[in-house]
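To start, the structure itself, in structure tokens.
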Amino acid sequence: MQISNEKVVTLTYELTVTDADGVKDLIETVEQEDPMVFIQGLSGLPEAFEEKIQGLTAGDSFEFSIPAEEGYGEYDPSAVVELPKEIFKVDGEYVEEMLEVGNFLPMTDDAGNRLNGKIIAVEDTLVRMDFNHPLVDKEMFFKGTIVAVREATQSELDHGHVHGDGGVHH
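In this text, residue positions in the sequence shown follow UniProt numbering: the first is 1, and each later residue adds one.
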């Protein structure tokens, strides 16, 4: 079965990016024991990734790059925000190890969207966070294998995610 929209794709890969000195840096390895599983067309991955694997079948290997502008885009200075330090209290107290520069924290915006933010500064009354994707401004290089392709169930399509192995259990 070929990868196309609304198919469940299981794959493994290595992701590398090029650092400031032009050296490739391994960012992530997804192996057979814990593969990536998603619904093609509903994955939330960059469209260019899904386009590159479109039409592949189980057992096929892939190797491609995605330029920054087709991946997670360019750095957006407006994605750096200052938040009142008060909102980080848990049961009325600050959790000091949570408020460390470099930590990523899951947050929710005013519209209920989930975001991950990186703490870039902690001051007396505010916390400065960067909500740019960690791979913004990076050309990504993928090398991997398609493990399996199957039809998505109607329930998976209705929920927008894979159920069972490698997916959500509910």
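Built from N, CA and C at the ideal position, the CB exists for glycine as well.
Model, not experiment: these values are computed from the prediction.
Asked, Found
"Under 9 Å between the Cβ atoms of residue 72 and residue 135?", "yes"
"Give me the Cα-Cα distance between residue 197 and residue 61, rounded to the nearest whole angstrom.", "Not covered by the structure: residue 197. The range shown for the chain is 1 to 170."
"In whole angstroms, what separates the C-alpha of residue 39 from that of residue 63?", "20 Å"
"Straight-line CA distance for residue 124 to residue 8?", "48 Å"
"If distances are taken between C-alpha atoms only, which option among 105, 42, 52 and 57 comes closest to residue 159?", "42"
"In whole angstroms, give me the CA-to-CA distance for residue 65 and residue 44.", "18 Å"
"What residue range does the beta strand (DSSP E) around residue 126 cover?", "126 to 130"
"At 3 residues or longer, what runs of the beta strand (DSSP E) sit wholly inside the region 35 to 120?", "36 to 39, 61 to 66, 80 to 84 and 104 to 108"
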